[in-house]
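Undergrad: Going by the working numbering, the letters in the sequence shown line up with residues 10 to 406, in that order. For glycine and all other residues, C-beta sits at the position ideal for the given N, C-alpha and C. Predicted model only: the values in this text are computed from it and were never measured. Structure below; questions to follow.
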Amino acid sequence: MKKELTIKLNDKSKVEIAGGYPLITKDSLEDIDSLKEEGTILKLTDKQGRFVAKGYYGNQNKGVGWVLTRKAEEEVDQAFIERKLIDALRRRRDFFNDPDTNAFRLFNGEGDGFGGVIIDYYDEYFLVSWYSEGVYSFKEQLVAALHNVADFKGIYEKKRFDTKGQYIEDDDFVAGERGEFPLIVKENGVNFAIYLNDGAMTGIFLDQREVRQAIKEKYAEGKTVLNTFSYTGAFSVAAAIGGAAKTTSVDLAKRSNAKTIEQFSVNGIDYESQDILVMDVFNYFKYAKRKELKFDIVILDPPSFARSKKYTFSTSKDYTNLMKEAIAITEDRGVIVASTNSASFGMKKFKGFIGRAFKDLGRKYTIVEEYSLPPDFRVDPKFSEGNYLKVLFVKLN
Ligand code: SAH
10 MKKELTIKLN DKSKVEIAGG YPLITKDSLE DIDSLKEEGT ILKLTDKQGR FVAKGYYGNQ
70 NKGVGWVLTR KAEEEVDQAF IERKLIDALR RRRDFFNDPD TNAFRLFNGE GDGFGGVIID
130 YYDEYFLVSW YSEGVYSFKE QLVAALHNVA DFKGIYEKKR FDTKGQYIED DDFVAGERGE
190 FPLIVKENGV NFAIYLNDGA MTGIFLDQRE VRQAIKEKYA EGKTVLNTFS YTGAFSVAAA
250 IGGAAKTTSV DLAKRSNAKT IEQFSVNGID YESQDILVMD VFNYFKYAKR KELKFDIVIL
310 DPPSFARSKK YTFSTSKDYT NLMKEAIAIT EDRGVIVAST NSASFGMKKF KGFIGRAFKD
370 LGRKYTIVEE YSLPPDFRVD PKFSEGNYLK VLFVKLN
């Protein structure tokens, strides 16, 4: 049995949480000091002691826990977790039935009714990411629940406990059979090499599936494509398969070179016909300007925050400048794919950064498409900040 603690909400949070808001923050509680052990079940009441909701205590960058139910009698036990999983599996039926895709998000935290934990599906393997010590205390129950309600070959995990979501290095195997890596998964017919037991990241960001598909199907044909902050080159591979004349991938991380070669190779593309550069994108912009290089498509997908030897980049401060650099090396009528995963601002502000860049340069543009999270990254309608992804296809007029 898990420990339980009755704790009072202040008046404002009582209204919000009763109305569906799922996050418990420090500010929402009257007596934050009574929180002791992560994983404790919290019975949240109003100041008069009347029941409002049940959740758990788990420190995460976003808050100190998540609401799990607003029914006083509902127990948070293995059966509860099984019910959430069954719902989540049912909502992904189309993904399970899609012969061209076998990598997607199976369970998206609060969007699927249990904040702090996500499960990704990679061709019959589950990857569970835990975002607090508190949610990790449900591990035994979650694993047992998965055995009861889902079919899989094996389970791996990523512990991202500290408040910055930092990954804790470990053997990440949990249950079932061990996989052989790279695992070759499919996304809309494109192959990707995946590693579930090799550090924090797997080799692909599943949330960009629709963007990769759009590049492949609607934009790449016959075009020159520059992919900045390219990581394993997933956008470049999509573009090459979509018929790009040539792709250029630029990333600072040394390992990105071998990783990108691998992603091209598992798709039967000769990587030597593509450019893969290990360098700072800000230096690349300078180089491209000096050489008067221009691209039909430029992809910008920076991390929210990055520091290299010479430059510090923070999305909310520097996106406009990044965009100006991109505009300078994009052909007239070319397209910039501007992406950010920063949860600290919304689409409106992001469009503001883009608009500012064009205004400063005295250029005109049209936003031809916009994307946010795909449906497997289910968002709680009462927690729209969970929909962090913003991608704009911007055409230079
Ligand atoms: N666009 C990628 C994901 C990008 S992750 C995809 O869709 O798969 C962010 C990447 O930016 C990391 O691989 C990191 O190495 C790289 N990076 C961070 N700062 C950089 C810089 N100044 N120049 C080049 N790459 C950088």
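#1: Taking Val259 and Ser282 to be in contact with their CB atoms under 8 Å, please state how far apart those CB atoms are, rounded to whole angstroms.
#2: Near Gln150, which residues of its chain fall below 8 Å by C-beta distance, leaving aside the five closest residues on each side in sequence?
#3: Cβ of Val290 less than 8 Å from any chain B Cβ?
#4: State yes or no: is the C-beta of Ser258 nearer than 7 Å to some heavy atom of the ligand SAH?
#5: Quick one: Cα of Thr211 to Cα of Asp20, how far?
#6: What's the C-alpha gap between Lys326 and Phe294?
#7: Quick test of the definition: if touching needs 3 or more C-beta pairs under 8 Å, does the segment 22-34 touch the segment 119-129?
#8: Compute every distance between the C-beta of Ala262 and the non-hydrogen atoms of the ligand HEM, then say whether any falls below 7 Å.
#9: Three or more beta-carbon pairs under 8 Å between the segment 69-81 and the segment 98-107, yes or no?
#10: Does Lys319 come out as helix, strand or coil in the three-state DSSP assignment?
#11: How far does the beta strand (DSSP E) with Leu14 in it extend, from its first residue to its last?
#12: Is the beta carbon of Arg264 less than 8 Å from the beta carbon of Ala243?
#13: Any heavy atom of the ligand SAH closer than 7 Å to the Cβ of Gln272?
#14: With a 10 Å radius around its C-beta and 16 neighbouring C-beta atoms as the bar for buried, classify Asn106 as buried or exposed.
#15: Mind reading off the beta-carbon distance from Ala202 to Val152? Whole number of angstroms is fine, and I expect it under 8 Å.
#16: At which residue ranges does the segment 286-311 contain complete alpha helix (DSSP H) runs of 4 or more residues, listed in the order of the chain?
TA: Straight from the coordinates:
#1: About 17 Å; that fails the 8 Å criterion.
#2: Excluding residues up to 5 positions away in sequence, Asp86, Gln87 and Ile90 lie with their Cβ nearer than 8 Å to the Cβ of Gln150 in the same chain.
#3: This model lacks chain B altogether; it includes just one protein chain.
#4: Outside the cutoff, so no.
#5: Cα-Cα distance, rounded: 43 Å.
#6: So the two alpha carbons sit approximately 18 Å from each other.
#7: A contact exists between the segment 22-34 and the segment 119-129.
#8: With respect to small molecules bound, the structure shown includes the ligand SAH and not the ligand HEM.
#9: Remark: fewer than three beta-carbon pairs, one from each stretch, lie closer than 8 Å, so the segment 69-81 and the segment 98-107 are not flagged as touching.
#10: DSSP places Lys319 in the coil class of the three-state scheme, outside both helix and strand.
#11: Residues Glu13 to Lys17.
#12: The Cβ atoms of Arg264 and Ala243 do not sit closer than 8 Å to each other.
#13: Result no, Cβ not under 7 Å from the ligand SAH.
#14: Exposed: under 16 other Cβ atoms inside 10 Å.
#15: Incorrect: roughly 26 Å between the Cβ atoms, too far for contact.
#16: Runs of the alpha helix (DSSP H) inside the segment 286-311: 290-299.
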